[in-house]
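Undergrad: Numbering-wise (the working numbering), the sequence shown opens with residue 1153 and increments by one.
The C-beta atom is built at its ideal place from N, Cα and C for all residues, glycine as well.
Computed from a predicted structure; not experimentally measured.
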Amino acid sequence: MFSNRYVRTIILSRVLLQLGIWIRNYAVLLYVTDLTNNNPIYVSLISVAEFAPIFIFGLIGGTFADRWRPKRTMVWSDLLSALSVVAVLLAVMNGGWIALLVGSFISASLSQFSQPSAMKLYKRHVPGDQLQGVMAISQTLVAVFTVLGPVIGTFIFIQLGINVSLILTAVLFLGSSLILSSLPRDAEEPKSGEAGGFMKELTAGLRYIGSNQALRTLCLTFSAVGLASGLTQPLQIFLVIEKLGLNKQSLQWFVMANGAAMFVGGIVIMGIAKKVKPQLLLMIGLLVAAVCTMGIGASSMIWLTIVLLVISGLFYPCIHGGIQTLIVRNTEGAFMGRVSGVITPVFMGMMVIGMFLSGYLKESFSLLAVYVVSGVLIIAGVLMLTPLIVEKGRKDERGKAS
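Printed below as a string of structure tokens:
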């Protein structure tokens, strides 16, 4: 897989992007918690600013990604992200910390044009039997930075402050843009059969998803799972402070344990990618995530929390690898941007809703109650996935009979 120039280049650019994102995210988190005295509402707003654009701009970005050339789109998205961080730095130097939320929002918005373009390049230049392995590599990369990112981001913020953190973020985004510019010139874009104005192509993409059972099922599953993830995402820091009685800097070690397990799980998935059906991987990953989420919310013991985080991390690549492989396999190349621009925002949009509600639910009920509700929602997502498993089994039986 690494002999493929497109895989090598995109993965390398993602290394720089991931590092920049983690440095920025932890700098923003620690800076805002310092200023607001760990206010859970403001912590929730940080997550909303980082993830809301995925819901707001996902379909729009995916539609434009199908209209524009993918390499050019990715280069400009990363370049503009770097410039947006510079603008935020200037605002923060003048005392405007709210600009951190605005900058995170803008950067995440630009990524909605870049990510579908990367999927298009994979669809176009990676052989079908290698796709699941490439998706596993992408997840392993995320896992590596889940381990290293919190440590690096926390260290840089504590030692050097918010200004240096933002400068490094801008440099890394710029580096990603330069690396992507080394890819060969984009080929002429194939049209989707109903090419025309922007709204016509957007509507054609929605009709395409509506007529595809696999994609419809994935949308329903990930709406439930996205809401579940959003409920717990902003509350991890309170899990460490309130349930385990540790300081907020200790969060990085729990994230590291989860990330290290994700790294190992990603390597395993790369090895078995050609042998296991992606829908089975997805279902197993979701079931394990549901059990571990409820267990983590109930645990007040450090060792048990770490064990559950490790188990959850080991199986998390099953979720990512399964969903991405199913999307690519069930989507025509001309619709790749729009499909990514709908299914991912369905997940992230519900995640943003969960993030927005999480702080209020924690204040109204309890941390444990929020984690239990999250686990139940993931189980509901598994049940929604069942028709896809059944239909796939019937197709396999008909294939063997013929």
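Quick test of your reading: G1533 and S1381, contact by CB under 8 Å. State the CB separation rounded to the nearest angstrom.
TA: Not a contact, Cβ separation roughly 10 Å.
Undergrad: Scan the stretch 1431-1486 and note each continuous alpha helix (DSSP H) run of 4 residues or more that stays entirely inside, going in chain order.
TA: Here the runs fully enclosed are 1454-1481.
Undergrad: Going by the beta-carbon positions, is the gap between G1411 and G1465 smaller than 8 Å?
TA: Their beta carbons are under 8 Å apart, which means G1411 touches G1465 by this criterion.
Undergrad: Just confirm the distance between the C-beta atoms of L1182 and F1309, as a whole number of angstroms; I'd bet it's less than 8 Å.
TA: About 5 Å separates the two Cβ atoms, so the contact holds.
Undergrad: To the nearest whole angstrom, what separates the beta carbons of L1461 and F1406, a pair I think is in contact under 8 Å?
TA: The Cβ separation is near 6 Å, so the contact holds.
Undergrad: With a 10 Å radius around its C-beta and 16 neighbouring C-beta atoms as the bar for buried, classify Q1401 as buried or exposed.
TA: Exposed, by the Cβ-count rule.
Undergrad: Among the candidates S1256, S1259, L1513 and I1475, whose CA atom is the shortest distance from the CA of V1498?
TA: Nearest of S1256, S1259, L1513 and I1475 to V1498, Cα basis: I1475.
Undergrad: Compare the C-beta of G1357 against all C-beta atoms of chain B and say whether one is closer than 8 Å.
TA: Among the protein chains of the structure shown there is no chain B, as only one such chain exists.
Undergrad: Is the stretch 1262-1276 touching the stretch 1223-1240, taking contact as three or more C-beta pairs under 8 Å?
TA: With the cut-off at 8 Å, the stretch 1262-1276 and the stretch 1223-1240 touch.
Undergrad: Can you list, in chain order, the residues of its chain whose CB lies under 8 Å from that of F1257, leaving out five sequence neighbours each side?
TA: For F1257, where only same-chain residues beyond five positions count, the Cβ hits under 8 Å are A1201, E1202, A1204 and P1205.
Undergrad: Ends of the alpha helix (DSSP H) at I1393?
TA: It is not in any alpha helix (DSSP H) - I1393 carries neither H nor E in the DSSP assignment.
Undergrad: For G1357 versus G1501, is the C-beta distance shorter than 8 Å?
TA: No. Outside cutoff.
Undergrad: Determine the DSSP secondary structure at R1337, reduced to helix, strand or coil.
TA: Correct three-state label for R1337: coil.
Undergrad: Counting beta carbon pairs with one atom in the stretch 1167-1174 and one in the stretch 1298-1307, are three or more of them shorter than 8 Å?
TA: Contact between the stretch 1298-1307 and the stretch 1167-1174 is present, because at least three Cβ pairs lie under 8 Å.
Undergrad: Rounded to whole angstroms, what is the Cα-Cα separation between R1481 and F1467?
TA: Cα to Cα, the separation comes out at about 22 Å.
Undergrad: What separation, rounded to the nearest whole angstrom, lies between the Cα atoms of Y1523 and V1392?
TA: About 14 Å.
Undergrad: Nearest-angstrom Cα distance between K1275 and R1160?
TA: The alpha-carbon atoms of K1275 and R1160 are separated by roughly 15 Å.
Undergrad: Excluding five sequence neighbours on each side, which residues of the same chain lie with their C-beta closer than 6 Å to the C-beta of I1389?
TA: Cβ neighbours of I1389 beyond the five flanking positions: K1400 and L1403.
Undergrad: Looking only at C-alpha atoms, which of T1225, T1369 and R1219 sits nearest to V1542?
TA: That would be T1369, whose Cα lies nearest to the Cα of V1542.
Undergrad: Tell me whether K1427 sits in a helix, a strand or coil according to DSSP, three-state version.
TA: Here K1427 sits in coil by DSSP.
Undergrad: Given this structure, state the Cα-to-Cα distance separating L1513 from M1536, to the nearest angstrom.
TA: When rounded, the distance between both Cα atoms is 25 Å.
Undergrad: Between the stretch 1318-1331 and the stretch 1233-1241, do three or more beta carbon pairs fall short of 8 Å?
TA: Contact between the stretch 1318-1331 and the stretch 1233-1241 is present, because at least three Cβ pairs lie under 8 Å.
Undergrad: For a test of the three-state rule: what should DSSP assign to V1278, helix, strand or coil?
TA: Three-state result, V1278: coil.
Undergrad: Whole angstroms are fine: how far does the CA of L1398 sit from the CA of S1452?
TA: Whole-angstrom Cα-Cα distance: 11 Å.
Undergrad: Do S1165 and I1331 have their C-beta atoms closer together than 8 Å?
TA: For S1165 and I1331, yes; Cβs fall inside 8 Å.
Undergrad: Cα separation between I1314 and E1394?
TA: Rounded to whole angstroms, I1314 to E1394 spans 26 Å at the Cα level.
Undergrad: Closest by CA to W1220, which one among A1270, L1367, S1199 and I1193?
TA: For the residues A1270, L1367, S1199 and I1193, the minimum Cα distance to W1220 belongs to A1270.
Undergrad: Around the C-beta of P1336, are 16 or more other C-beta atoms found within 10 angstroms, so that it is buried, or is it exposed?
TA: Flag for P1336 reads exposed.
Undergrad: What do you get for I1424, buried or exposed, if any count of 16 or more other CB atoms within 10 angstroms of its CB means buried?
TA: With fewer than 16 Cβ atoms within 10 Å of its Cβ, I1424 is classed as exposed.
Undergrad: Can you check which of these residues, Y1178, Y1158 and A1243, is closest to H1277 by C-alpha distance?
TA: H1277 has its Cα closest to that of Y1158, out of Y1178, Y1158 and A1243.
Undergrad: The alpha helix (DSSP H) that contains L1398, what's its start and end?
TA: No alpha helix (DSSP H) holds L1398; DSSP gives it neither H nor E.
Undergrad: How is the alpha helix (DSSP H) around Q1170 delimited, first residue to last?
TA: Taken as a continuous stretch (DSSP letters only), the alpha helix (DSSP H) holding Q1170 covers R1157 to T1188.
Undergrad: Would you mind sorting L1324 into buried or exposed? The rule is 16 or more other CB atoms within 10 Å of its CB.
TA: The residue in question, L1324, is buried, as its Cβ has 16 or more Cβ neighbours within 10 Å.
Undergrad: Report the option in V1494, P1469 and L1300 whose CA atom is closest to the CA atom of I1361.
TA: Minimum Cα distance to I1361 is reached at V1494.
Undergrad: So for R1221, helix, strand or coil by DSSP?
TA: Here R1221 sits in coil by DSSP.
Undergrad: G1449: which of I1471, T1384 and S1328 sits nearest, CA to CA?
TA: Checked all of I1471, T1384 and S1328; the closest Cα to G1449 is T1384.
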